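Read the structure below first, then the notes.
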RNA sequence: CGGGGCGUAGCGUAGCCUGGUAUCGCGCCUGCUUUGGGAGCAGGAGGUCACCGGUUCAAAUCCGGUCGCCCCGACCA
């Protein structure tokens, strides 16, 4: 068992490490159904914090929540040609209900564009009804062949924003705005830096005019598509007759956007921040930010230490920080485990700050604060522990983003590069490679075929190289754009 | 769907070749002693050996079939 206590190191087998962390940190467990997962309280707690933060951001940008049904008439999916082509192979279909065959099979939503724009068509008559800005929190089902906890399961939780606008430019602005919201969330809350940009034709959403994406680098140097935002143009409006009267009395199709992030983000969080001791959760998303571990020898000491620990837990729990919410504190009073065993457990679970409190500390009116990200210890006076913990949490949140960004930059490659060198990189450690592309889908496909790497995005300006690449990585023809290449999840 | 692995207590496993009393560790329960980096001792509970069929006096073990899960490759948030 001694060996079982340690995780498989990331360097030895990243995939095994990931599975072990998710299971042992009790974020999730396998379900009896292949490809499905149970999200356990510690995993769901992270999701709840993500939801709250994102939901506030959606509301702040004018969106309202609604809920659309799980079942979609199969015919709806067929109304948009690209869309059905993209999703039909991976839908689950209900053919029977109440013991009888249904007249029309029902698709379990793989995404809700069809049902939502069908409803929008009923609700929108005039330009005065626009823009219509809706979000829904829901589960969706996609019948994937190969699944992985959080990263790809048959059923997953997500949010999908759906909007309708009077003009192309407004829709474009909306799609870009929500991509920005995602980026702010991923960097500000998840401490996960992303590269934003536009997807190529071959990688865009089925039915979209344009797809934008946030791409994050995992610790195995592979890219994770963490969130996407689509300008759907008028494709769905045409398919579902979503029209409105213009100011001048004409009739036009509305312009739509959709955008989503899912519980996949939790997988991204694990693979961005986890280490060989387990999970590391950025404080803002941690269901428990602080765990207090009391230390004692005699019964007399236990009584004293417990009393003090409870007092500190209360005062920390009541500590009002600048943002008006309280510290999320947990007090570990279990008497069957030694302190060391508790340390290992809370490290596995990723709690950002541990407070150690023993008799020697009490004599000095202090406690020891230990940060999960670096393992560094520091004493804190019991008189100022609230401020100290708050400051430490803020420092951890910042440090985690800085560290993740530095790691990404250390594994990014820019500047002139030969195709041979590129192949070498993709065969080896992997990287984010910024290189020229001629714009030809054939080159994109050939590279994917030969190296498994794909164009993650055509990066937004701030991510592009100071010296734009001049030639296509593959065919050496003049480049029409700079592309970010990587292997992806 | 192709390749690989696995199904024995909550978890991890031994036993299978060569059929005969279900193995060990962790965890769990009780008690005592412990507790500043994964505690010790003693006692205890816990099993349709994935499922179905066959061979046999007797099957976890041999034979036939079925199902499921995990990992690696072709699709994808």
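Numbering (the numbering used here), first residue to last: 207 to 695.
The C-beta atom is built at its ideal place from N, Cα and C for all residues, glycine as well.
Since this is a predicted model, take the numbers as computed values, not measurements.
The beta strand (DSSP E) enclosing residue 573, as first and last residue numbers: If you number the first chain from 1, residue 573 lands on position 367. It spans 572-577 - the beta strand (DSSP E) in which residue 573 sits, taken as one unbroken run.
Supposed close pair residue 593, residue 576 - CB separation, criterion 8 Å: Counting from one through the first chain, the residue named residue 593 turns up at place 387. Counting from one through the first chain, the residue named residue 576 turns up at place 370. Going by Cβ atoms, the distance from residue 593 to residue 576 rounds to 17 Å, so no, they are not a contact pair.
Reduced DSSP category for residue 420 - H, G, I as helix; E, B as strand; rest coil: Walking along the first chain from the start, residue 420 turns up at place 214. In this structure, residue 420 counts as strand in the three-state DSSP scheme.
Nearest neighbour of residue 525, chosen from 275, 589, 645 [CA to CA]: Locating residue 525 in the first chain gives position 319, counting from the first residue. Measuring from the Cα of residue 525, the nearest candidate turns out to be 589.
Close-in-space but distant-in-sequence residues of the same chain around residue 207 (CB under 7 Å, 5 per side omitted): Here residue 207 refers to the residue found at position 1 when the first chain is read from its first residue. Because residue 207 carries a pLDDT of 31, less than 50, the predicted location of this residue cannot be relied on, and no value is offered for it.
Opposing strand residues paired with residue 281 [DSSP bridges]: The residue you call residue 281 lines up with position 75 of the first chain. Bridge partners of residue 281 according to DSSP: none are assigned.
Residues that DSSP places opposite residue 450 in a beta bridge: Numbered from its first residue, the first chain carries residue 450 at position 244. Paired residues: 458.
Residue 255 - DSSP class collapsed to helix/strand/coil: Looking up residue 255 in the first chain gives position 49. DSSP places residue 255 in helix when its eight states are reduced to three.
Sub-7 Å separation of residue 664 and residue 648 beta-carbons: For the purposes of this step, residue 664 is taken as the residue at position 458 of the first chain. For the purposes of this step, residue 648 is taken as the residue at position 442 of the first chain. Going by C-beta atoms, residue 664 is not nearer than 7 Å to residue 648.
Same chain, Cβ closer than 6 Å to residue 447, five either side skipped, listed in chain order: Taking the first residue of the first chain as position 1, residue 447 is located at position 241. If the five residues before and after residue 447 are omitted, its C-beta is found closer than 6 Å to the C-beta atoms of 327, all from its own chain and listed in chain order.
Same chain, Cβ closer than 7 Å to residue 216, five either side skipped, listed in chain order: The residue given as residue 216 occupies position 10 in the first chain. Shown here for residue 216: same chain residues with a beta carbon closer than 7 Å to its own, the five before and five after excluded, namely 223, 425, 482 in chain order.
Those residues which DSSP pairs with residue 295 across a bridge: Sequence index remark: in the first chain, residue 295 carries index 89 (1-based). Partner(s): none; residue 295 has no beta bridge.
Buried versus exposed call for residue 640 [16 or more other C-beta atoms within 10 Å across all chains shown]: Reading the first chain from its first residue, position 434 is the one you call residue 640. When all chains shown are included, residue 640 counts as buried.
Through-space distance from residue 600 to residue 533, alpha-carbon basis: Here residue 533 refers to the residue found at position 327 when the first chain is read from its first residue. Here residue 600 refers to the residue found at position 394 when the first chain is read from its first residue. Cα to Cα, residue 533 sits roughly 12 Å from residue 600.
Inside the region 353-438 only - beta strand (DSSP E) runs reaching at least 3 residues: As far as the region 353-438 is concerned, its whole beta strand (DSSP E) runs of at least 3 residues are 361-371, 400-404, 416-423.
Residues sharing a beta bridge with residue 690, DSSP: Here the question's residue 690 lines up with position 484 in the first chain. Residue 690 is bridged to 640, 663.
Selected residue, minimal CA-CA separation from residue 768, among 248, 274, 313: The structure shown does not extend to residue 768, since the chain spans only 207 to 695, so no value can be given for it.
Proximity below 7 Å, CB of residue 465 to CB of residue 367: Here residue 465 corresponds to residue number 259 of the first chain, with the count starting at 1. Here residue 367 corresponds to residue number 161 of the first chain, with the count starting at 1. For residue 465 and residue 367, yes; Cβs fall inside 7 Å.
Unbroken beta strand (DSSP E) run spanning residue 652, endpoints: The sequence position of residue 652 within the first chain is 446, counting from 1. For residue 652, there is no enclosing beta strand (DSSP E); the residue is found in the alpha helix (DSSP H) stretching over 647-657.
Alpha carbon of residue 209 to alpha carbon of residue 548, nearest angstrom: Translated into positions along the first chain, residue 209 becomes position 3. Translated into positions along the first chain, residue 548 becomes position 342. Interpretation of residue 209 is limited by its pLDDT of 46, a score under 50 that renders its predicted location unreliable; the figure taken from the coordinates is listed afterwards. Cα-Cα distance, rounded: 18 Å.
Contacting residues, own chain, Cβ-Cβ under 6 Å from residue 693 (five flanking each side not counted): Along the first chain, read from residue 1 onward, the residue named residue 693 stands at position 487. 428, 636, 658, 659, listed in sequence order.
Residue 440 beta carbon less than 7 Å from that of residue 332: Taking the first chain and counting its residues from 1, one reaches residue 332 at position 126. Taking the first chain and counting its residues from 1, one reaches residue 440 at position 234. Contact flag unset, no.
Secondary structure of residue 548, DSSP reduced to three states: Residue 548 sits at position 342 when you count from the first residue of the first chain. In the structure shown, residue 548 adopts helical secondary structure according to DSSP, grouped into three states.
Selected residue, minimal CA-CA separation from residue 467, among 432, 442, 454: Residue mapping note: residue 467 aligns to position 261 of the first chain, counting from 1. Minimum Cα-Cα distance from residue 467 among the listed residues 432, 442, 454 corresponds to 432.
Spatially closest choice to residue 266 from 344, 346, 340, 279, by CA coordinates: Locating residue 266 in the first chain gives position 60, counting from the first residue. Comparing Cα positions, the closest option is 340.
Between the CA atoms of residue 239 and residue 389 - distance to the nearest angstrom: Locating residue 389 in the first chain gives position 183, counting from the first residue. Locating residue 239 in the first chain gives position 33, counting from the first residue. One alpha carbon belongs to residue 389, the other to residue 239, and they sit about 34 Å apart.
Simplified DSSP state of residue 207, which is helix, strand or coil: Stepping through the first chain from its first residue, residue 207 is reached at position 1. Caution applies to residue 207, whose pLDDT of 31 falls short of 50 and renders its modelled position unreliable; the value that the coordinates give is listed next. Here residue 207 sits in coil by DSSP.
Runs of alpha helix (DSSP H) wholly within the region 216-255 (minimum 4 residues, chain order): Listed in chain order, they are 220-230.
Closest by C-alpha distance to residue 320, when choosing among 311, 480, 286: Here the question's residue 320 lines up with position 114 in the first chain. When only C-alpha atoms are compared, the closest one is 286.
Alpha-carbon spacing of residue 470 relative to residue 358, whole angstroms: Mapped onto the first chain, residue 470 falls at position 264. Mapped onto the first chain, residue 358 falls at position 152. About 7 Å.
CA-to-CA distance, residue 523 to residue 586, given in whole angstroms: In the first chain, the residue the question calls residue 586 occupies position 380. In the first chain, the residue the question calls residue 523 occupies position 317. Rounded to the nearest angstrom, the two C-alpha atoms are 16 Å apart.
Secondary structure, alpha helix (DSSP H): runs of 4+ residues fully inside the region 318-346: With a minimum length of 4 residues, the continuous alpha helix (DSSP H) runs that stay inside the region 318-346 are 319-329.
Beta carbon of residue 638 nearer than 7 Å to that of residue 396: Locating residue 638 in the first chain gives position 432, counting from the first residue. Locating residue 396 in the first chain gives position 190, counting from the first residue. No.
First through last residue of the beta strand (DSSP E) which encompasses residue 607: As a first step, residue 607 must be located in the first chain, where it is residue number 401. Residue range 591-616 is occupied by the alpha helix (DSSP H) that includes residue 607, with no beta strand (DSSP E) assigned at that position.
Rounded separation between residue 683 and residue 297 - CA only: Counted from its first residue, the first chain places residue 683 at position 477. Counted from its first residue, the first chain places residue 297 at position 91. CA-CA distance, residue 683 to residue 297, rounds to 40 Å.
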